[in-house]
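In our numbering, the protein residues as written are 1241 to 1720.
C-beta atoms are modelled at their ideal positions from N, C-alpha and C, and glycine is treated no differently.
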Ligand SMILES: [Zn+2]
């Protein structure tokens, strides 16, 4: 707190006094960042000072925007840096490490940020925090609000993993559906938080400080970071720059690599072509799916300044990486977190990573957050094969529900587009919504029971036709 100089706009540079509690600039609506008095800090901090302390993220209190006496803590941080020997051999990267953030109190790296943000809100006299939460952030803020005696109000859409919603309910958050967001009027003593919040970033940056310490006060050649809002990669880049500003390193010799889901990859697209792509779709990594990432520009800057680059990985690659990490190293990561392991393969394939380089993957969240993802792997590989190979007559289950079977029956007669399929379902007395039909089609496609046939443009809109595959026909036959 002593060295907290100002909050500064990341775009227009406008500065705000340290007593301001805000996430965005009043003038240009860009995210703010915390600035410290680095020349004073140079005289105060040292490797020895941090080394002898043991209190998680709060050991770096000189570089945090609140006082330690007020800290709302659940024991976040101080997570293990684990050398992955088995996975290293399998992938061909000799020095592969993971920073295991699944061990934080609510199972994600966001606990570091929540600890700082909730402490700051408590210091400033706020009564509560609210936001539109995807999952991990809602779960984490609910827990820290409970500890601090603040209210947490979560607005959620239908796209949320059940386990993250259970966490919010258990920690006593008030849950509203997203359409209530504009209707509900909250007082000034309620703070709006999102993944790009500068106080969250301050907590999250301790990952970089810890990593530096874990590696014997050295930096790895590469750090691989999942990117959603761009908050975490901006935080890690800030930590490396601060290590330099306070004189703990002479140069930043560490490249940052950002990963996004291929279905929703605005930061990767901005990095390579200076503009966001279009038609982003749902991905299994819900916590990574930000179509308009608030810290996107900052994330691109971090990648460029560190001389790193960015990759996209598919849902299937994330799922298999999650299973591979669990089965080889005993670490169960959610697909969004396992995206970093999937990225190692791509880096080796493209020659960006030399087998002798030291690389650290940030495993941002626990697999227990999204256990159904692992089930999908089981469903995909075993249940369907069993249905088809042995033609076992079992009642449809494990995600191949009766609506999907009806869709398969409809498509077994002709190739159709989504709207026509919806109409045929209605005719057959199966009332459902059009988005639900597309969700079914997506899942059937993932199971390889249907595939895309042709597209046509009608009135400026693209129509995609779907057809049943031979695997789909065999599946129907096995059921009959
Ligand atoms: Zn501004």
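DSSP has residue i in a bridge; who is on the other side?
i: residue 1500; result: 1552
i: residue 1538; result: Looking at the DSSP assignment, residue 1538 forms no beta bridge with any residue, so it has no partner.
i: residue 1252; result: Partner(s): none; residue 1252 has no beta bridge.
i: residue 1599; result: 1336, 1462
i: residue 1696; result: 1703
i: residue 1657; result: 1705
i: residue 1348; result: 1605
i: residue 1273; result: 1248
i: residue 1573; result: 1606
i: residue 1322; result: 1338
i: residue 1431; result: 1369
i: residue 1415; result: 1394
i: residue 1690; result: 1708
Beta carbon of residue i, beta carbon of residue j: below 8 angstroms?
i: residue 1476; j: residue 1459; result: no
i: residue 1427; j: residue 1606; result: no
i: residue 1261; j: residue 1360; result: yes
i: residue 1596; j: residue 1334; result: yes
i: residue 1693; j: residue 1599; result: no
i: residue 1411; j: residue 1386; result: yes
i: residue 1565; j: residue 1578; result: yes
i: residue 1523; j: residue 1549; result: no
i: residue 1375; j: residue 1404; result: yes
i: residue 1466; j: residue 1592; result: no
i: residue 1573; j: residue 1313; result: no
i: residue 1447; j: residue 1499; result: no
i: residue 1588; j: residue 1331; result: yes
i: residue 1282; j: residue 1456; result: no
i: residue 1264; j: residue 1245; result: no
i: residue 1320; j: residue 1295; result: no
i: residue 1561; j: residue 1525; result: no
i: residue 1349; j: residue 1429; result: no
Verify the contact flag: residue i, CB atom, against every heavy atom of ligand 2, threshold strictly below 7 angstroms.
i: residue 1314; result: You won't find ligand 2 in this model; what it holds is ligand 1.
Taking 7 angstroms as the limit between beta carbons, can you name the residues of its chain near residue i, skipping five residues before and five after?
i: residue 1633; result: Note that residue 1633 has pLDDT 42, beneath the 50 cutoff, so the model's placement of it is unreliable and the number below is only indicative. Around residue 1633: no qualifying Cβ.
i: residue 1535; result: 1271, 1436, 1469, 1470, 1471, 1474
i: residue 1345; result: 1314, 1315, 1316, 1351, 1383
i: residue 1696; result: 1703
i: residue 1259; result: none
i: residue 1286; result: none
Judging by CA-CA distance, which residue of the options is the nearest neighbour of residue i?
i: residue 1552; options: 1666, 1580, 1545; result: 1580
i: residue 1352; options: 1331, 1325, 1324, 1301; result: 1301
i: residue 1681; options: 1666, 1695, 1658; result: 1658
i: residue 1670; options: 1557, 1647, 1414; result: 1647
i: residue 1251; options: 1310, 1539, 1685; result: 1539
i: residue 1507; options: 1537, 1293, 1365; result: 1537
i: residue 1453; options: 1662, 1562, 1572, 1317; result: 1317
i: residue 1420; options: 1463, 1382, 1372; result: 1372
i: residue 1685; options: 1526, 1422, 1706; result: 1706
i: residue 1608; options: 1590, 1289, 1402; result: 1402
i: residue 1645; options: 1690, 1308, 1611, 1675; result: 1690
i: residue 1586; options: 1557, 1568, 1571, 1570; result: 1557
i: residue 1434; options: 1365, 1532, 1241; result: 1532
i: residue 1242; options: 1513, 1278, 1254, 1662; result: 1278
i: residue 1338; options: 1296, 1568, 1710; result: 1568
i: residue 1268; options: 1673, 1248, 1422; result: 1248
i: residue 1324; options: 1362, 1305, 1571, 1288; result: 1571
In its own chain, which residues sit with a C-beta less than 8 angstroms from the C-beta of residue i, not counting the 5 before and 5 after it?
i: residue 1546; result: 1477, 1480, 1492, 1494, 1495, 1496
i: residue 1699; result: none
i: residue 1328; result: 1334, 1335, 1336
i: residue 1652; result: 1708, 1712, 1713, 1716
i: residue 1414; result: 1391, 1392, 1393, 1394
i: residue 1509; result: 1515, 1516, 1517
With a CB to CB cut of under 6 angstroms and the five nearest residues on each side skipped, what residues in its chain are close to residue i?
i: residue 1378; result: 1394, 1408
i: residue 1257; result: none
i: residue 1521; result: 1503
i: residue 1311; result: 1298, 1359
i: residue 1631; result: Its pLDDT being 43, under 50, residue 1631 is placed unreliably in this model, and the value from its coordinates should be taken loosely. So the qualifying residues of the chain are 1718.
i: residue 1418; result: 1395, 1397
i: residue 1439; result: 1356, 1357, 1360
i: residue 1511; result: 1540, 1543, 1550
When the Cβ atoms of the segment 1515-1522 are set against those of the segment 1478-1493, are three or more pairs found closer than 8 angstroms? Contact fails between the segment 1515-1522 and the segment 1478-1493, because fewer than three Cβ pairs, one in each stretch, are under 8 angstroms apart.
The segment 1442-1456 / the segment 1576-1590 touching (three or more Cβ pairs under 8 angstroms): Touching, no, given that fewer than three Cβ pairs across the two stretches are closer than 8 angstroms.
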